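Participant: Take this structure first; my questions come after.
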Amino acid sequence: MAGILKEMSREVHVLTLSRPKPGEPEENYAARVEKICRDEAGKADVVWLAVPPGNQEILTRAALAAGKHVVAEKPWMCSRAVTDDLGRAASKEGLQIGVHYEYCFLSGLGRLSMPPNGSGPPVRFSGTFISSKTSGAPPLYNLGCHLLAIKCALFPDAATGDITVSYKGIDERKLEVVRGTDRRTLDFLGNREPLIQRFIAAFEASLSGKNAFPFGLPLSNEINAELAAIERTTAAKSQKAP
1 MAGILKEMSR EVHVLTLSRP KPGEPEENYA ARVEKICRDE AGKADVVWLA VPPGNQEILT
61 RAALAAGKHV VAEKPWMCSR AVTDDLGRAA SKEGLQIGVH YEYCFLSGLG RLSMPPNGSG
121 PPVRFSGTFI SSKTSGAPPL YNLGCHLLAI KCALFPDAAT GDITVSYKGI DERKLEVVRG
181 TDRRTLDFLG NREPLIQRFI AAFEASLSGK NAFPFGLPLS NEINAELAAI ERTTAAKSQK
241 AP
């Protein structure tokens, strides 16, 4: 991220935000992180939390308390109550929180769009994201959030079909939108588009006018609701299996 931002002629300061020390009270860790954001970030406008999802609430609150806009890496794992509270805190200070859903900026997504649901068959959104690159986060949340971010942001009226994610198997990244006999697909495994740069440009544009960033916390709540529903359905099916 630092390299891309520098290539875009942005001034970058890399901060070292360590995990809590063994036995360190949460309030002490929060104060330590806030001090780092205030002192080491200097005059930076944005703190980009390029870290795994642990301690997202503490890190985000610390950055907001230091007067910084925030970009958080996906998957966003905070509860709805915490997410809403962070959104209110940011709004109160005139700050923005964006979550890094870069695949929402794929140029080919426009070819998948269909007229909204009407009297005809419903639109159905499905996707596959298989990656051999593992992560500490469950694949449904770490990989599925890429697919559901696209669905919730760009196809909000579509029903959710099969969402296939895994850290095992041959790498695959595909989307499918179906309505009756109309089937549209997008294979984005070999993507070489400047998605992160597009995300940064859109996020920065939202800062100048203080308008809500479309890929922020409200979208994350919608994504997590979809993921939780898939998780419940999968669990129910496994219980019924012989």
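Note that the numbering used here has the sequence shown beginning at 1, numbered continuously upward.
Glycine included, every Cβ here is placed at the ideal spot set by N, Cα and C.
Here the structure is a predicted model, which is why all the values come from computation and not from measurement.
Ignore the nearest five residues each way along the sequence and tell me which others in Ile4's own chain have a CB closer than 7 Å to its CB.
Facilitator: Along the sequence shown, read from residue 1 onward, the residue named residue 4 stands at position 4. Closer than 7 Å at the Cβ level, and outside the excluded window around Ile4, lie Ile196, Gln197.
Participant: Taking 8 Å as the threshold (C-beta atoms), are Pro122 and Ala153 in contact?
Facilitator: Counting from 1 along the sequence shown, the entry for residue 153 is found at position 153. Counting from 1 along the sequence shown, the entry for residue 122 is found at position 122. Not in contact: Ala153 and Pro122 (Cβ atoms no closer than 8 Å).
Participant: Let me confirm a value: Leu186 is counted as buried when at least 16 other C-beta atoms fall within 10 Å, else exposed. Which label applies?
Facilitator: Taking the first residue of the sequence shown as 1, we reach residue 186 at position 186. That one is buried.
Participant: Kindly indicate which residue of Lys92, Ala137, Ala81, Pro75 has the alpha-carbon position closest to the one of Lys68.
Facilitator: Stepping through the sequence shown from its first residue, residue 68 is reached at position 68. If we check each option's Cα against that of Lys68, Lys92 comes out closest.
Participant: Does the CB of Val46 have a neighbour CB from chain B at under 8 Å?
Facilitator: Annotation note: the requested chain B is absent from the structure, which comprises a single protein chain.
Participant: Between the beta-carbon of Ser126 and the beta-carbon of Tyr167, is there less than 8 Å?
Facilitator: Indexing the sequence shown from 1 puts residue 126 at position 126. Indexing the sequence shown from 1 puts residue 167 at position 167. Cβ distance not < 8 Å, so Ser126 and Tyr167 don't count as in contact.
Participant: Within its chain, find whatever has a CB closer than 8 Å to the CB of Pro52; leave out the 5 residues flanking it on each side and keep chain order.
Facilitator: In the sequence shown, counting from the first residue as 1, residue 52 sits at position 52. Excluding positions up to five away in sequence, the list reads Glu73, Ser135, Gly136, Ala137.
Participant: For Pro66, collect the residues of the same chain with a Cβ closer than 6 Å to its Cβ; drop the 5 residues on either side in sequence, then sort them by chain order.
Facilitator: In the sequence shown, counting from the first residue as 1, residue 66 sits at position 66. What sits at residue 66 in the sequence shown is Ala, not Pro. Within the same chain, Ala66 has close Cβ partners Glu34, Cys37, Arg38.
Participant: Please report how far the alpha carbon of Pro218 lies from the alpha carbon of Ile200, in whole angstroms.
Facilitator: The count along the sequence shown starts at 1 and reaches residue 218 at position 218. The count along the sequence shown starts at 1 and reaches residue 200 at position 200. Each residue's alpha carbon lies about 19 Å from the other.
Participant: Skipping 5 residues on each side, what residues in its chain have a beta carbon closer than 7 Å to that of Leu17?
Facilitator: For the purposes of this step, residue 17 is taken as residue 17 along the sequence shown, with counting starting at 1. If we look at Leu17 and ignore the five residues flanking it on each side, its Cβ neighbours are Val33, Ile36, Val51, Leu59.
Participant: Give the DSSP-derived three-state secondary structure of Glu159 in the structure shown.
Facilitator: Counting from one through the sequence shown, the residue named residue 159 turns up at place 159. For clarity, residue 159 is Ala in the given sequence; the question names Glu instead. Strand, per DSSP.
Participant: Have a look at Val71, Arg184, Ala2, Val99 and flag the residue whose alpha-carbon is nearest the alpha-carbon of His146.
Facilitator: As a working mapping, residue 146 is identified with position 146 in the sequence shown. Measuring from the Cα of His146, the nearest candidate turns out to be Val99.
Participant: I need the boundaries of the beta strand (DSSP E) containing Thr128, first residue and last residue.
Facilitator: In the sequence shown, counting from the first residue as 1, residue 128 sits at position 128. Run containing Thr128: 124 to 130, per the beta strand (DSSP E) assignment.
Participant: My output table needs one value for Ser166: the three-state DSSP class, helix, strand or coil.
Facilitator: Position 166 of the sequence shown, counted from the start, is the residue given in the question as residue 166. In the structure shown, Ser166 sits in a strand (DSSP, three-state: E or B).
Participant: Is the separation between the beta-carbon of Leu49 and that of Val71 shorter than 8 Å?
Facilitator: Taking the first residue of the sequence shown as position 1, residue 49 is located at position 49. Taking the first residue of the sequence shown as position 1, residue 71 is located at position 71. Contact: yes.
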